[in-house]
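Numbering (my numbering) for the sequence shown: 21 to 177. Ideal Cβ placement from N, Cα and C applies to all residues, glycine included. Every value quoted in this text rests on a predicted model; they were computed, and no experiment measured them. Presented below is the structure to which this report refers.
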Amino acid sequence: MKAEYINPFVSASTEMIDQVTGLKTKMGKIYIKNVPYRSEGILVIIGITGGFHGSVVLSFDKVTCCKIASAMMGCSMITELDEIAKSAIGELCNMILGYTATLFSKGKIVVDITPPTILTGDNIELSIPNTVVVCIPLIFEDESQIEINVSVAEGIL
């Protein structure tokens, strides 16, 4: 995947997380995931249509999710992911992808996003046929991380 397709995801994610939570992140090593792949904790899935088609799965472990939700809500450390905390995480992901779409439009690629779908569980298997999944890890100062998994049809980007 070309850098001009990766950079909007990285820029939007780091900027929105910083603005909304005050937490700093840095990009880890980008890699291609084998499909199907497994994930733990909280997954937020947002579809992409328009200039290209695909989906983005933002993956959080439960501790990192609680830390982010706590920072967003300005309260002491949340220890359980209730509906309000899940809603906060879904909204953060929606803001990230909305800003990503804005950055793509500045590069003359118009995309729309779907509302977020939130999944929780252990050992969730994701199988997205006929796609390439590019994983962009974002690492927090405490070394916890989230993964931004961008899936697009093979040969598109």
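Rounded to the nearest whole angstrom, the CA to CA distance from glycine 61 to threonine 41 is 20 Å.
Non-local beta-carbon contacts of asparagine 143 in its own chain, meaning distances under 6 Å to residues more than five positions away in sequence, involve Arg58 in chain order. In this structure cysteine 86 is in contact with isoleucine 98, their Cβ atoms being roughly 5 Å apart against a cut-off of 8 Å. Note on geometry: alpha-carbon atoms of valine 76 and serine 171 lie some 6 Å from one another. Fewer than three Cβ pairs drawn from the segment 148-163 and the segment 123-133 lie within less than 8 Å of each other, which leaves the two stretches out of contact. DSSP assignment within the segment 41-84 yields the following whole beta strand (DSSP E) runs of 3 residues or more, N-terminal first: 45-47, 51-53, 57-70, 74-80. Under the DSSP assignment, glutamate 161 falls outside any beta strand (DSSP E); it carries neither an H nor an E label. With fewer than 16 neighbouring CB atoms inside 10 Å of its own CB, lysine 44 falls in the exposed class. Distance from the Cα of glycine 67 is smallest, within the candidate group Glu161, Asn169, Glu111, Ile133, for Ile133. Following the DSSP letters along the chain, one finds asparagine 114 inside the alpha helix (DSSP H) bounded by residues 103-126.
Bounds of the beta strand (DSSP E) holding valine 172 are 165-173.
Your pair serine 164 and threonine 84 checks out as a contact, with CB atoms roughly 4 Å apart and the cut at 8 Å.
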